[in-house]
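Numbering of the sequence shown is given in the working numbering, commencing with residue 1 and proceeding in unit increments. We treat Cβ as the ideally placed atom computed from N, Cα and C, and that holds for glycine. Okay, structure first, notes after.
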Amino acid sequence: MLSWRPAGQELIFYGGPILTVNNAGAVVQALAVRDGVIVAVGGLDQVMQQRTVMIDLPGGALLPGFVGAHEHPTLSAVFNGAHDLSGFCHQRNVQVWSALRTAITRQTDSGRVLNAAQAIDVRQALRAMTINAAYQLGIDSEAGSLEVGKWADLQIVSANPYEVAGGR
């Protein structure tokens, strides 16, 4: 998995599902990023530019970086003198799938079931970990979904969450 905000380059991501996690739940073919900001979302022909770096996602998927709304960024500012947002994303694929599966199946990696009645579907889990968490932190106009004008806070994961995370 990759999670970063690229700067100074024009990048186009394509070749796998791009889960925008926007209100419409759109899944698109391509996404363009320039200077760390999303500049185009849609079909590959819509976002294609000259002088771009093409990033193929064969077998993988692109989705917004996960936002840890339970962390306390303002408290880290008190101790560190600035907002530290680096801890807001899962650093490895296994952490992404574990978090999604637990939210969807309510079963932890150890097999323990946590209140099965609170299970949610894949779309709800993705929104909880992206746009809804960004909303809680007051940054949903800048992050949390893949839309033009928002930060290119991206994750490339090894598979489509709709196919891996529990089948719901």
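First and last residue of the uninterrupted alpha helix (DSSP H) at residue i
i: Gln29; result: Looking at the DSSP string, Gln29 is not in any alpha helix (DSSP H); the run it does join, the beta strand (DSSP E), is 27-34.
i: Leu44; result: 44-47
Beta-carbon proximity check, residue i vs residue j, cutoff 8 Å
i: Glu10; j: Ala40; result: no
i: Gly15; j: Asp56; result: yes
i: Ala61; j: Leu19; result: yes
i: Ile38; j: Leu146; result: yes
i: Pro17; j: Asn160; result: yes
i: Gln155; j: Gly42; result: no
i: Ser63; j: Val21; result: Note on residue identity: the sequence assigns Leu, not Ser, to residue 63. Yes, the pair counts as a contact, with Cβ atoms nearer than the cut-off.
i: Arg101; j: Gln95; result: no
i: Ile131; j: Asp140; result: yes
Integer Cβ distance of residue i from residue j, believed to fall under 8 Å
i: Ala133; j: Ile104; result: About 16 Å; that fails the 8 Å criterion.
i: Ala143; j: Val67; result: 6 Å
i: Ala99; j: Met129; result: 7 Å
Unbroken beta strand (DSSP E) run spanning residue i, endpoints
i: Val148; result: Note, Val148: premise wrong, no beta strand (DSSP E); not H, not E.
i: Leu57; result: Unbroken run through Leu57: none, as it is neither H nor E.
i: Val155; result: Correcting the residue identity first, residue 155 is Gln in this sequence and not Val. Segment 154-157, the beta strand (DSSP E) holding Gln155.
i: Gly15; result: 10-19
i: Leu137; result: Note, Leu137: premise wrong, no beta strand (DSSP E); not H, not E.
i: Ala61; result: 61-64
Unbroken alpha helix (DSSP H) runs of length 4 or more, entirely within the stretch 91-131: which are they?
93-105, 122-129
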